[in-house]
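Heads up, the sequence shown stops at 142 in my numbering, and the numbers go up one at a time, no gaps.
A short worksheet on the structure shown next.
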Amino acid sequence: MAGLTPYVHFPGTAREALSFYANVFGGETQLHTFAEFGRTDGPSDAIAHGYLVNSLVSLYGADVGGGEPPFRAEGLMLSLLGTADSATLRQWFTRLCEGGMVVDDLQVRSWGAFDGHVIDRFGLHWLVGFEIEADT
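Okay, here's the thing in structure tokens:
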């Protein structure tokens, strides 16, 4: 796999979060528990390593174990600019909003493209956008 792939440490919600993202972006999840990896620093059914499979979006995640802190970020967005066609990106934006918070609604910008920002229910900040020409 080429390119940067986010790896998020969730506060015990990795299974739910990765399943949500697979549902939003398409594909499936591959999940491995603490028990599978012989880890004893958390619940045996917690996710030690998981990721999206056959999805346009690459994302890894796990539940924190022991005293590890969960994901927290300020000033960071995960960009989906031009990742798919405009109809798909609109659907993704709508789905990411479910239980989340719209920071800046998906709209046409002065530079001639659509974009919007949403913080999803798991705390990830997404930038979704596409060119107007792609919106026809």
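Heads up, the beta-carbon is just placed ideally off N, CA and C, and yes, glycines get one too.
Residues bridged to residue i (per DSSP)
i	result
T39	I53
F120	V114 and F136
Y66	Y13 and Y57
Assumed close pair residue i, residue j - CB separation to whole angstroms, cut-off 8 angstroms
i	j	result
D51	T39	5 angstroms
V114	H123	Between H123 and V114 the Cβ distance is about 15 angstroms, and since that is not below 8 angstroms, they are no contact.
Burial state of residue i, where buried means 16 or more other Cβ atoms lie within 10 Å
i	result
D126	buried
F120	buried
A79	exposed
T156	This structure cannot settle anything about residue 156, because the visible part of the chain is limited to 7 through 142.
F43	exposed
Coil, strand or helix - residue i by DSSP
i	result
G73	coil
E6	Within the shown structure, residues of the chain are numbered from 7 to 142, placing residue 6 beyond reach of any answer.
For the segment 89–106 and the segment 127–138, state whether three or more C-beta atom pairs, one from each stretch, are separated by less than 8 angstroms. Contact holds: three or more Cβ-Cβ distances are below 8 angstroms.
Three CB pairs or more closer than 8 angstroms across the segment 65–83 and the segment 12–24: yes
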